[in-house]
Each structure stands twice: as structure tokens, then as C-alpha cells.
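The working numbering numbers the first residue of the sequence shown as 3 and each following residue consecutively.
Note that beta-carbon positions come from the ideal geometry of N, C-alpha and C, so glycine has one too.
Since we're looking at a predicted model, the values are computed, not measured.
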Amino acid sequence: MKKTITYFMWGYQEHFNFSLRYETKSILNSIGIDDVEPETFLVGIRSSVLSNNHFPICIEPEDGKWVLSLFDNFSIILQSETDNHPLKNIFYSNDEESMREKPERIHREAISSTVKKLLTIYDQSNDVKSFVGLSTLVEGYYVVPVIQISQKILSKYPLLNTRRFKNDDLFLRHLNFIEATISQILNKATNYLNSKNPGRGYWELNRKELTKNAAYNFMYTPGLAIEKNYPYVNLFETFNLISSLFYEGVHSIGKVILADPEHLSIIFLIEFKEPISIQNSRWVRKVLEMSSNDLSLIIDNENIYGLGQLYNDYDFSDQKIFIINFLDHYYWQITCGDKVLLQSKYNEPKLPTTPIKDELILSNLRRLYPYTTEEEQKNILNLIHSLTTFNHGSMLVIAEDANDEVNRLSTLGTPIFPTLMTPELLKQVSGIDGTVIIDPKGYCFGIGIILDGEANVRCTPSRGSRYNSGVRYVYSSQEHKRLAIIYSEDKTIDIVPKLRPLMSKRLIESNITQLDAATLENYHKTRTWVDDNRFYFNANQCLRVNAALDRIESSVKEVGQIVIKTSRLTPHIEMDESYLTD
3 MKKTITYFMW GYQEHFNFSL RYETKSILNS IGIDDVEPET FLVGIRSSVL
53 SNNHFPICIE PEDGKWVLSL FDNFSIILQS ETDNHPLKNI FYSNDEESMR
103 EKPERIHREA ISSTVKKLLT IYDQSNDVKS FVGLSTLVEG YYVVPVIQIS
153 QKILSKYPLL NTRRFKNDDL FLRHLNFIEA TISQILNKAT NYLNSKNPGR
203 GYWELNRKEL TKNAAYNFMY TPGLAIEKNY PYVNLFETFN LISSLFYEGV
253 HSIGKVILAD PEHLSIIFLI EFKEPISIQN SRWVRKVLEM SSNDLSLIID
303 NENIYGLGQL YNDYDFSDQK IFIINFLDHY YWQITCGDKV LLQSKYNEPK
353 LPTTPIKDEL ILSNLRRLYP YTTEEEQKNI LNLIHSLTTF NHGSMLVIAE
403 DANDEVNRLS TLGTPIFPTL MTPELLKQVS GIDGTVIIDP KGYCFGIGII
453 LDGEANVRCT PSRGSRYNSG VRYVYSSQEH KRLAIIYSED KTIDIVPKLR
503 PLMSKRLIES NITQLDAATL ENYHKTRTWV DDNRFYFNAN QCLRVNAALD
553 RIESSVKEVG QIVIKTSRLT PHIEMDESYL TD
């Protein structure tokens with residue numbers, strides 16, 4: 003850590019920015035974005051209480067990729083943003099306090115919008131998107147927190163289109179769950195900037211509460227898209243409650259169409275004489291029992307109007323109709339066409355899992371089964387892709403000892419003569435209970451096989467029986483390499499064991515060398531890389547890393563300096579040399 007700060011705003015600005023970056027990454031990881039590396043920085047705008055001896059604009063970190071020249075035209079843009087602020091035309095009658103606060107509110111919001119505008123060119127040039135928080139006065143500077151996310155990451159997740167909304171004049175809501183989550187993080191950052199000495203202590207957010215609030219806010223967006231008026235019923239709470247209820251001992255499974263009931267693409271097969279309030283959750287749960295894949299409840303933000311379906315030619319790009327699938331107890335997801343916008347399981351909202359990359363699958367097939375041909379590997383890749391087109395859950399197991407295993411489990415399924423499995427054939431044979439077992443060359447030896455295996459620490463009650471069956475079976479063998487591809491009804495796919503990218507030996511050694519030479523002031527980037535890639539380190543490398551961390555974390559610290567303690571590395575039981583490249 004530098005002993006002096008040139009562009010000084012307050013004493014703990016570096017600590018605050020570090021906490022903002024750390025919490026942003028942790029929270030985005032918790033909602034399902036595993037590969038995100040957010041960037042954060044602070045922009046400080048000098049207020050009138052400071053003399054001209056202070057810098058007019060400051061950036062933290064001052065030696066980072068963001069230069070002061072980004073904000074050369076700040077004063078000109080700020081004046082324009084202030085003059086055109088919508089609050090300029092609003093008068094609060096009989097509310098003197100709001101009128102007194104209005105100029106400062108306009109100023110703070112204008113500063114933030116100016117920062118956002120001036121970052122537009124940077125965003126376009128660097129393929130990122132900047133999310134800007136509300137400016138807050140800290141020791142004479144209006145401090146603006148900024149979070150930047152790679153467009154490559156953001157492009158993986160669907161974004162609703164504001165132009166499709168009926169009520170353009172109403173409040174602008176979040177267009178996807180990521181934006182809603184980042185907005186919550188920035189709100190918390192603003193609140194923390196208002197506290198005494200922000201950054202002096204460790205800033206730890208309640209992640210579960212924050213992500214639930216983000217989902218709560220995001221779920222107003224579908225309501226705004228279908229209605230002419232502002233929705234007062236929060237759909238996140240409503241759907242969570244419905245999904246938690248049982249009807250005659252059966253958990254909630256069904257389908258709901260969220261739309262204006264007068265939408266021309268809706269076909270009513272049963273229409274209620276009197277609408278049922280969706281706040282009457284037990285009655286809603288009862289009528290949900292009548293729904294199916296072909297018959298859905300028709301609801302808007304307030305009521306259920308009956309059961310029906312959509313015309314086959316409906317174009318979901320219209321974004322006036324949303325589908326809610328109740329998949330299991332306390333488990334539901336909302337979609338718009340083929341876009342899964344949000345899923346919630348036991349009141350914990352997440353983004354849908356992103357498709358597994360082809361190269362990741364192929365590289366692991368080559369690693370596990372080096373004797374197979376490229377054609378055989380691509381055939382298995384096609385089989386995995388075909389699973390994701392099914393309307394039901396299914397499991398495909400690849401086992402080196404497929405023939406012996408099917409013979410052993412012959413009383414628990416149907417053994418067949420070796421047959422080269424194709425996507426078309428897989429679709430037919432996976433319709434029955436049990437697993438399809440193939441060898442690494444793609445030949446099937448058994449269908450409808452009920453797997454065995456002992457429970458282990460990798461099993462989890464939060465996942466279904468199919469997933470845990472695959473985990474038990476794969477890890478029951480130490481001699482033969484197996485893969486289980488598990489496709490669930492909620493259209494998520496898991497591969498057991500987890501597929502990991504191959505890792506360069508040189509890159510590992512390079513980072514260990516950097517950590518050996520690092521100090522408390524400059525070890526953060528290397529520490530993060532080591533922590534993220536701890537799976538690949540062997541016993542000797544773990545000892546070297548742990549010794550370096552012991553030395554760094556025990557070194558003399560400045561007053562108020564924050565140190566993130568890193569859990570020490572131990573060799574991973576699944577790691578072997580096959581994961582490493584030269």
C-alpha cells in the first residue's frame with residue numbers, strides 16, 4: 003500500500019474501494035456469475051467547501067487504468083445535467099423540507115449522471131459497462147462509486163427492452179437481475195459513504211438480504227411491462243409463497259402465464275366469472291394444481307382470470323407475456339420466450355446457469371479418455387447437446403467399464419448389445435426412468451439403469467435424487483474414470499465431476515514466484531489468482547504458497563490497514579497431472 007495519496011479525498015479511500023470490489027465479486031458469484039472479475043473505482047468531485055488548493059477531480063486508484071483526462075469536460079456536462087434535471091420542474095406543495103433538499107439532491111444526481119456520460123467512450127473502447135452510484139459528500143469531495151463489468155459477461159444474460167414497456171412514463175425499472183443486484187450494491191456503497199470514516203472498518207454486506215432485495219425490485223419489471231398502471235403486488239414474494247405451499251401433500255408444480263388478460267395471443271379454455279386475487283395464496287395454490295405444460299393459469303399483477311394457453315405463433319420479443327414455471331417445492335423460474343430471467347430456490351434468487359462451453363467438454367474428454375478419436379469425442383458432445391432439448395430430466399453416464407457395469411446392474415435396468423448412441427436414439431431411450439450408460443467411444447450398453455453407490459460428502463439435500471444418484475455412482479469408482487451428465491427439468495445441466503479447464507504449469511509457477519517476492523502492499527492481484535485456482539496446486543506448491551502468505555500476513559501493517567486472510571491451500575483430492583499443460 004502506498005504511504006501517501008496524491009489525489010487525496012479521505013484517509014480510507016483505498017480501503018473502501020478494495021471492499022467495494024471484493025463485495026461486488028462475492029455477491030455476483032453468489033447469484034451464479036462464477037467467471038466475473040469486476041473493476042471498481044471512485045471519482046471525487048471537489049465541493050465548494052474546499053479551497054482551490056485541492057484537486058478539482060480525484061480518482062481512486064490514482065495509478066489504475068482510469069485517467070483524469072476522462073473527465074476533462076466535467077464542468078460543462080455537469081451544468082447541462084443540472085439544467086435539464088427532471089426535478090427542476092417539480093414543486094413540492096406544503097413540503098418545505100423537500101424543497102430545501104431539492105437543490106442538493108439535483109446536484110448529487112447530476113454529478114453521478116455526468117460521470118456516467120463521460121465514461122461512455124471508455125466503456126465502448128474497452129468493451130465494458132459502467133454502473134454508477136449516487137455521489138456522496140465525504141470530507142469535501144462528492145464521491146461517486148463506479149462498478150465496471152465486462153460486456154462479454156453481461157452478454158450471457160438476457161436483457162429486457164425498455165421500448166417494449168406499455169407505461170414509458172412510469173419509473174424505469176431494472177432490465178435484468180444483474181442490473182438490479184449491482185444497483186443494490188451501489189445503494190449500500192452510498193449508505194456506507196455517509197457513515198463516519200467510510201473504509202476504516204471491513205465493509206461486509208448481508209449477501210442473502212441484498213440479493214433478495216434485488217430480486218424483489220427486478221420482479222416489478224415484468225409487472226410494468228404488462229400493465230398500464232404501477233404494480234403494487236410484488237411478484238417475487240407472491241411466487242415464493244405459492245411455491246412453498248402444498249396441496250393435499252403435493253408440492254407446487256405448474257405453469258402460469260403473466261400477461262394482460264386481454265392480450266390477443268391468449269386463448270382462454272376456462273375463464274372465471276370472478277377473478278381470484280393472487281394475494282390469496284392458498285386459493286392460488288389450489289387452482290395451480292389444474293395447470294400443466296399445455297394449460298396455464300392466466301394472471302396479471304393482481305388476479306387470476308382462468309386457465310388457457312398461447313397461440314403458437316406468439317412472438318415473445320413483444321415482451322408483454324412472461325411464463326412462470328413452478329418446478330418443485332419452493333422452486334420457480336420466470337422466462338420470456340427462451341430467456342430465463344430469474345430463478346428462485348428456497349427464497350434464494352439466482353441467474354440461470356450458462357451453457358457449458360464445448361471446448362471445456364472436449365478438453366476434458368481428451369484428458370479423461372486420451373485413446374478416443376476426435377470423431378468419438380464430438381459424437382459425445384452432440385449427445386450432451388441433445389439432452390438439453392428434452393422436455394424431461396435425464397442422465398447420461400460415460401464409463402470406461404460400461405460393459406462390466408451394465409452386467410453388474412443388469413437386474414436394475416435393461417442391458418443391450420453394444421450400439422453406437424446417436425442424439426435421435428438417445429431421445430427415445432431416455433424417456434424411461436433410469437440412466438443411459440455408454441463407453442467413452444459412444445457405444446451404449448444399457449438403458450433405464452438404476453445406479454447404485456454410497457452417499458458421500460459431495461451429495462447434497464438441496465439437489466434432487468437424480469443429481470445425487472449421479473454423484474454417488476461416479477465417486478464409487480476409483481479405478482475407472484466416469485462422467486455423469488445430469489439434465490434437470492428446470493433446463494439446467496450438471497456434469498459430475500465438475501469440468502475444469504486445463505492449467506499451465508508455467509502459469510502456476512509464475513504466480514508462486516510473484517507471491518514469494520510480494521509484500522503486503524502489492525500482493526493482492528497474485529493472492530486473488532492463487533485463491534481462485536487453488537485446485538491445481540500440488541502438495542509442494544501448497545507449502546510454498548502457504549509460507550509466502552504466512553510471511554506477508556504477519557508483516558507490520560499501517561494503522562487502519564485491511565488485510566483479507568486467505569485460507570491456506572491443501573492438495574485437492576481430485577487433482578492429478580492430467581489437468582496440467584506445459
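- For residue 40, the closest alpha carbon among the candidates 33, 555, 47, 25 is that of 25.
- In the pairwise beta carbon analysis, the segment 526 to 537 is classified as not touching the segment 385 to 405: fewer than three pairs are separated by under 8 angstroms.
- Distances from the CA of residue 471 to each of 542, 28, 399, 503 were compared; the closest alpha carbon is that of 399.
- The alpha-carbon of residue 332 is positioned some 10 angstroms away from that of residue 255.
- Taking a contact as a CB-CB distance under 8 angstroms, the pair residue 395 and residue 490 counts as one, their CB atoms being some 5 angstroms apart.
- Between the alpha carbons of residue 130 and residue 157 lies a gap of roughly 11 angstroms.
- Sorting 55, 49, 58, 68 by C-alpha distance to the C-alpha of residue 42 places 68 at the top.
- Distance from the Cα of residue 383 is smallest, within the candidate group 96, 568, 366, for 366.
- Cβ-Cβ distances below 8 angstroms link residue 551 to 517, 529, 568, 570 in the same chain, with the five nearest sequence neighbours on each side left out; the list follows chain order.
- Closest in C-alpha terms to residue 447, from the list 421, 459, 17, comes 421.
- Residue pairing by DSSP places residue 335 opposite 327, 345 in a beta bridge.
- When the Cα atoms are used, residue 323 and residue 177 turn out to be separated by approximately 15 angstroms.
- In this chain, residue 69 is not harboured by any beta strand (DSSP E), its DSSP state being neither H nor E.
- For residue 60, the secondary structure class from DSSP, reduced to helix, strand or coil, is strand.
- Counting other Cβ atoms within 10 Å of its Cβ, residue 101 stays below 16 and is therefore classed as exposed.
- The beta carbon of residue 291 lies closer than 6 angstroms to those of 249 in the same chain, with the five residues before and after it left out.
- Nearest to residue 426 by C-alpha distance, out of 59, 554, 54, 386, is 386.
- According to DSSP, residue 144 shares a beta bridge with 47, 139.
- Residue state for residue 387 is assigned as helix, using DSSP reduced to three classes.
- In the DSSP secondary-structure assignment, residue 445 is bridged to 422.
- Exclusion of the five residues before and after residue 263 leaves 300, 302, 307 as the residues of its chain whose Cβ lies within less than 7 angstroms of its Cβ.
- In this structure, DSSP gives residue 261 an extended state, which the three-state scheme calls strand.
- Between residue 327 and residue 214, the C-beta spacing is not below 8 angstroms.
- Per DSSP, reduced to three states, the secondary structure at residue 239 is helical.
- Sequence-distant partners of residue 89 (beyond 5 residues in either direction) whose C-beta falls short of 7 angstroms from its own C-beta, in its chain, are 104, 107, 108.
- Here the segment 132 to 150 lies against the segment 42 to 51, with 3 or more beta-carbon pairs under 8 angstroms apart.
- Residue 354 and residue 259 have their C-alpha atoms some 19 angstroms from each other.
- In the structure shown, residue 555 falls within a helical segment according to DSSP collapsed to helix, strand and coil.
- When DSSP assignments are scanned along the segment 495 to 523, the uninterrupted stretches of alpha helix (DSSP H) that are 4 or more residues long and fall wholly within it turn out to be 507 to 519.
- The C-alpha of residue 409 lies about 11 angstroms from the C-alpha of residue 419.
- The segment 17 to 35 makes contact with the segment 194 to 204, as at least three CB pairs between them are under 8 angstroms.
- Going by DSSP, residue 437 is part of no alpha helix (DSSP H) but of the beta strand (DSSP E) stretching over 437 to 440.
- As the crow flies, the alpha-carbon of residue 133 is around 14 angstroms from that of residue 27.
- Residue pairing by DSSP places residue 134 opposite 148 in a beta bridge.
- C-alpha of residue 16 to C-alpha of residue 73: approximately 20 angstroms in a straight line.
- C-alpha of residue 237 to C-alpha of residue 282: approximately 13 angstroms in a straight line.
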